[in-house]
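Heads up, the thing below is written out as structure tokens.
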Amino acid sequence: RSLHLSKSRPFPWPKLYYLISRFLTTGPCRRAAEVSWRLLPGRLDWLGNEHPRTYEDVVAANRHVAPDHLLQICKQIGPLLDKEVPSCVPGVHSLLGSGKQSMLRTAKGTGFVYFYAQECETAFLLL
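Count along the sequence shown from 1, add 20, and you get the number used in the numbering used here.
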């Protein structure tokens with residue numbers, strides 16, 4: 021797993037996959053959700069060894085995470101970002117925006133974010 025939030029903390033891929041899977045279970049992509057279940061976060065034993073869990077086990081361990089949890093996070097990103105780096109059209113939010121409407125904008129402008137998702141053997145280039 022190559023994407024790092026910082027040098028000491030790796031990106032929590034299994035948790036992101038769980039949120040995506042949980043979201044997909046509520047719509048027309050239920051079969052896609054089932055495929056992603058093999059990427060779910062495992063459980064750690066008292067020695068720190070990771071063990072696989074079923075989808076039902078992960079749901080039970082995360083009862084506070086509703087199927088629309090990822091959607092709710094996405095809905096909150098725009099208004100939070102607008103407080104720090106206003107967009108050129110206040111109140112208009114798009115996860116697919118570019119330039120000053122990009123959810124990846126910073127005070128220094130927008131740039132390229134590149135990461136490699138080893139699990140999917142896919143490289144993404146986000147604008």
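Glycine included, C-beta positions come from ideal geometry on N, C-alpha and C.
Q) My guess is that Arg42 and Leu115 are in contact by the Cβ rule of under 8 Å, so how many angstroms apart are they, rounded? A) As a position in the sequence shown, residue 42 is number 22, starting the count at 1. As a position in the sequence shown, residue 115 is number 95, starting the count at 1. Between Arg42 and Leu115 the beta-carbon gap is near 18 Å, outside 8 Å, which marks them as no contact.
Q: For the alpha helix (DSSP H) holding Trp33, just list the boundary residues, first then last.
A: The residue given as residue 33 occupies position 13 in the sequence shown. For Trp33, the enclosing alpha helix (DSSP H) covers residues 33–44.
Q: Under 8 Å Cβ to Cβ from Thr46, same chain only, skipping five residues before and after it: list those, please.
A: Walking along the sequence shown from the start, residue 46 turns up at place 26. Excluding positions up to five away in sequence, the list reads Pro87, Asp88.
Q) Applying the criterion that 16 or more other CB atoms from any shown protein chain within 10 Å of the CB defines a buried residue, is Leu124 buried or exposed? A) Locating residue 124 in the sequence shown gives position 104, where the first residue counts as 1. Using a 10 angstroms sphere on the CB of Leu124, the tally of other CB atoms stays under 16, which defines it as exposed.
Q: Return helix, strand or coil for Pro61, following the three-state DSSP convention.
A: Numbered from 1 along the sequence shown, position 41 holds the residue referred to as residue 61. Coil at Pro61, not helix or strand.
Q.
Which residue marks the beginning of the alpha helix (DSSP H) containing Asp77, and which one marks its end?
A. Your numbering for residue 77 matches position 57 in the sequence shown. Run containing Asp77: 75–81, per the alpha helix (DSSP H) assignment.
Q) Can you tell which of Pro110, Val55, Ala80, Gly62 has its C-alpha closest to the C-alpha of Pro72? A) The sequence position of residue 72 within the sequence shown is 52, counting from 1. When the alpha-carbon of Pro72 is set against those of Pro110, Val55, Ala80, Gly62, the nearest one is in Gly62.
Q | Per-residue DSSP class, three states only, for Pro99 | A | Start at 1 with the first residue of the sequence shown, and residue 99 comes out as number 79. Note: Pro99 maps to helix in three-state DSSP.
Q.
Please return the same chain residues whose Cβ sits closer than 8 Å to the Cβ of Cys94, not counting the five positions on each side in sequence.
A. On the sequence shown, position 74 is the one that residue 94 refers to. Excluding the 5 residues flanking it on each side, Cys94 has same chain C-beta neighbours closer than 8 Å at Leu115, in chain order.
Q. For His84, does the three-state DSSP call read helix, strand or coil?
A. Numbered from 1 along the sequence shown, position 64 holds the residue referred to as residue 84. Coil, per DSSP.
Q: Along the alpha helix (DSSP H) that carries Leu55, what are the first and last residues, could you check?
A: Within the sequence shown, residue 55 is the residue found at index 35, counting from 1. Leu is not the amino acid found at residue 55; the sequence shown has Val there. Counting along the chain, the alpha helix (DSSP H) containing Val55 begins and ends at 50–56.
Q. For the putative contact between Val105 and Ala127, defined by C-beta atoms under 8 Å, what is the C-beta separation to the nearest angstrom?
A. By 1-based counting over the sequence shown, the position of residue 105 is 85. By 1-based counting over the sequence shown, the position of residue 127 is 107. At roughly 5 Å, the Cβ-Cβ gap stays under 8 Å, so Val105 and Ala127 are in contact.
Q) How many Å lie between Trp57 and Ile40 at the Cα? A) Stepping through the sequence shown from its first residue, residue 57 is reached at position 37. Stepping through the sequence shown from its first residue, residue 40 is reached at position 20. C-alpha separation (whole angstroms): 10 Å.
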